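First up is the structure itself, then whatever we jot down about it.
Residue numbers (the working numbering), protein chains in the order written: chain C, 1 to 135; chain Z, 136 to 273; chain S, 274 to 548.
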C-alpha cells in the first residue's frame, strides 16, 4: 500500500490513513522530497490524525522529513496529532522539536499559505511564482 | 498471576509484524478496559521493543497476556528474540542512547510508558517483559 | 471420642445460643444478625469437618474465608469499624470453649489440641477481616480520589478557539498526568488553538510543577496549540527565579485577564467596543 500524496497548488497533502510500517514511512519521506524537487510545491502537510501510534522511530522520520524539506526550501506542517500520541511521546522524552504543527488539515493549509506568502514578501517576489521555481 | 482472559502470540519476522503486534496490544488493552492513553502507551512500548527484537535480535516473538484479577486489570507483554543479546543493559536503558540508525532508543522510552520493564539478556536470547496494571475504579 | 466437628454439630443449638448471648453482652451487637451467625456457623463447621491442617489456607476453609471477607468489606463500605467483625469471631471462640472443656474433660491433651485449632483459625480469620477491611477502604479512597481528579480539572471553552482550565490545589505527579491528558483531549475536541492554564489556585509552584507545565506546553505544541499559563503570583515568580527555573519558553502572564489578551494576540484577534 502506498500513501497517496495529493497536490494542491504549492502544497502537497499526505494524509496518512492508517497505521503504517517503517518501510512505508521511509517511502513517504522519499516521495515527498522527490516531489519537492520536481514540482513547484513548497509546502507539505503530513496529516497524522489517523495514526494511533507514533513511536520514536516514526517521530524521527517526521522530524527528519521536516528538516530535509527545509534544506530544500520547503516547509512541513504536521497536522492532527492524537492527544494520546502526544502524551506517549512526551513521556518517552521524544517530543517533536522545531516542527510546525496544526490541529487539523485545514489549519495546516492556512498556516502554510500564510508562511509561503510571507517568504515571498521577503524575497520580493509577488504571488506568481512558477517561473522562479521551475518545474 | 493474571487470569488469562487474553492470551496471544505474534511472530516478529518482518516490519509488518511490528504493526500487527502494537495493534494487537492496543486491542487487548481496549478489551480489558484500559484508558485511551494507556492503550497508546502500551502500543507505543510494544512498537519500540518489537522493533529492537527485529533489528537487533533478527526477529522473535511477542506474547500478550491479560486479564482482571482482584480489582486490578493487568496486561503482560513478553518479547523474546534469539539475537546476540544486549552487551550493556544499563547503557541501553540510558535515555538518548542509540546505536546505528537511531534505533536503540526503544528500551528507555518503553520503560517510561509501562509500569515495569525488565530485561533478561545473554548471547542467543533476549527477553523483555513489560507490565501495565490499573486498579479498577467502579 | 468425638471429633471437633462432631462436637460442634451435636452442640449446635447450645453454641449458637451462647454465641448470641456473648454478642448482646458486647457493646456493638450490630454485626451479629441471626442469619449471619447461622451462616458463619455452617461454614465454620464445614471447614473444621473437612480440614486437614490448622491453616486458613486449607481449601476447606475457603467458604468461611470468603464469607468473612465479604462481610468485612461490606462493613467498610458502610463506614463501620472492623473491630465489630472480629468481636463476632471472639464471641464464637468464647462460646465454643466451655463445650470443648466438657466434651474432652477426660483427655487434657486432646482438649488443648482442639482448643488451639479453634483459636488458630479464629485468629487467622481476624487477620483476614482486617485485611479485607483495609482493602475495601483503599478502594473507597481510590474511587474518591478518582472522582476528585475528574471534578478538579474542568476545561471550559471561553471563546472561539480558546479554552480555559483553572487548576486548584496541589499538583503532584498523578494529577499532572491527569491535567495533561484532560487538557490535550479538550484542545483536540474543541479544536482550540490556545489553551489558558490558570494556576492561581495552585499553592506551590516549584521546580517539579514547572517541569510538568513545560511538558504540557510541549505536548500541546505537538497538537498545534499554544498554552498561556496565567496566575503566576509574585511569590511563585520569586521562587522560580531563585530556583533558577527557566520558563522563558512558555507564555506566562500574571493575571487571567492578561492571559486572555495574550490568547487573543496569538490568534491575531481583537475585542473592541461597537460604536
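All C-beta atoms, glycine included, are put in the ideal place defined by N, C-alpha and C.
Note that the structure is a prediction, hence the values are computed from the model and not measured.
8 Å Cβ cutoff, residue i in contact with chain C
i, result
"residue 266 of chain Z", "no"
"residue 495 of chain S", "yes"
"residue 230 of chain Z", "yes"
"residue 492 of chain S", "yes"
"residue 166 of chain Z", "no"
"residue 466 of chain S", "yes"
"residue 183 of chain Z", "yes"
"residue 248 of chain Z", "yes"
"residue 244 of chain Z", "yes"
"residue 237 of chain Z", "Confidence in residue 237 of chain Z is poor, its pLDDT being 44 and thus under 50, which makes the residue's placement unreliable; the coordinate value appears in the next sentence. Yes, residue 237 of chain Z counts as interfacial toward chain C."
"residue 216 of chain Z", "no"
Where residue i falls: helix, strand or coil (DSSP)
i, result
"residue 161 of chain Z", "helix"
"residue 393 of chain S", "helix"
"residue 548 of chain S", "coil"
"residue 523 of chain S", "coil"
"residue 344 of chain S", "helix"
"residue 255 of chain Z", "strand"
"residue 274 of chain S", "coil"
"residue 78 of chain C", "strand"
"residue 130 of chain C", "Note that residue 130 of chain C has pLDDT 34, beneath the 50 cutoff, so the model's placement of it is unreliable and the number below is only indicative. Residue 130 of chain C: helix per DSSP, three-state reduction."
"residue 297 of chain S", "helix"
"residue 101 of chain C", "strand"
"residue 467 of chain S", "strand"
"residue 320 of chain S", "helix"
"residue 155 of chain Z", "helix"
"residue 244 of chain Z", "helix"
"residue 112 of chain C", "helix"
"residue 335 of chain S", "helix"
"residue 302 of chain S", "Reliability fails at residue 302 of chain S, whose pLDDT of 49 lies under 50, so the model's placement of it is uncertain and the value that follows must be treated cautiously. Three-state result, residue 302 of chain S: coil."
"residue 118 of chain C", "helix"
"residue 50 of chain C", "coil"
"residue 418 of chain S", "helix"
"residue 326 of chain S", "coil"
"residue 542 of chain S", "coil"
Contact with chain Z by residue i, beta-carbon distance below 8 Å
i, result
"residue 454 of chain S", "yes"
"residue 140 of chain C", "An answer regarding residue 140 of chain C cannot be provided, because it is not within the stretch 1 to 135 covered by chain C."
"residue 23 of chain C", "yes"
"residue 87 of chain C", "yes"
"residue 419 of chain S", "yes"
"residue 94 of chain C", "yes"
"residue 91 of chain C", "yes"
"residue 19 of chain C", "yes"
"residue 404 of chain S", "no"
"residue 339 of chain S", "no"
"residue 412 of chain S", "yes"
"residue 449 of chain S", "no"
"residue 52 of chain C", "yes"
Endpoints, the alpha helix (DSSP H) within which residue i is located
i, result
"residue 529 of chain S", "529 to 539"
"residue 378 of chain S", "Run containing residue 378 of chain S: none; DSSP gives neither H nor E here."
"residue 515 of chain S", "507 to 515"
"residue 85 of chain C", "83 to 92"
"residue 56 of chain C", "56 to 71"
Any C-beta of chain S under 8 Å from that of residue i
i, result
"residue 79 of chain C", "yes"
"residue 83 of chain C", "yes"
"residue 107 of chain C", "yes"
"residue 114 of chain C", "no"
"residue 179 of chain Z", "no"
Chain B within 8 Å of residue i, Cβ atoms only
i, result
"residue 397 of chain S", "No chain B is present in this structure, whose protein chains are C, Z and S."
Span of the beta strand (DSSP E) around residue i
i, result
"residue 266 of chain Z", "260 to 270"
"residue 143 of chain Z", "141 to 147"
(request) Any chance you could list the alpha helix (DSSP H) runs of at least 4 consecutive residues sitting entirely within the region 3 to 48 of chain C, in chain order? (result) 22 to 38
(message) What ranges does the alpha helix (DSSP H) occupy inside the region 470 to 504 of chain S, keeping only unbroken runs of at least 4 residues that lie completely in it?
(response) Fully enclosed alpha helix (DSSP H) runs of 4 or longer: 480 to 496.
(message) Just to confirm the assignment: which complete beta strand (DSSP E) runs, minimum length 3, are found wholly within the region 423 to 458 of chain S?
(response) Within the region 423 to 458 of chain S, the beta strand (DSSP E) runs of at least 3 residues that lie entirely inside it are, in chain order, 429 to 432 and 435 to 441.
(request) Would you check if the region 182 to 194 of chain Z and the region 258 to 270 of chain Z touch, i.e. whether three or more CB-CB distances between them fall below 8 Å? (result) Enough Cβ pairs lie closer than 8 Å, so yes.
(message) Quick check on the DSSP output: what are the complete alpha helix (DSSP H) runs of length 4 or more inside the region 171 to 237 of chain Z, in order along the chain?
(response) 171 to 190 and 224 to 227
(request) Report yes or no: do three or more beta-carbon pairs, one from the region 317 to 330 of chain S and one from the region 402 to 410 of chain S, lie closer than 8 Å? (result) no
(message) Can you confirm whether the region 213 to 232 of chain Z touches the region 246 to 256 of chain Z when touching is taken to mean that 3 or more C-beta pairs between the two stretches lie within less than 8 Å?
(response) By the Cβ criterion, the region 246 to 256 of chain Z is in contact with the region 213 to 232 of chain Z, since at least three pairs of Cβ atoms, one from each stretch, lie closer than 8 Å.
(message) When you compare the region 103 to 118 of chain C with the region 163 to 172 of chain Z, are there three or more beta-carbon pairs, one atom per stretch, that lie closer than 8 Å?
(response) no
(message) Does the region 377 to 384 of chain S come into contact with the region 353 to 366 of chain S, if we say contact requires no fewer than three beta-carbon pairs (one atom in each stretch) closer than 8 Å?
(response) no
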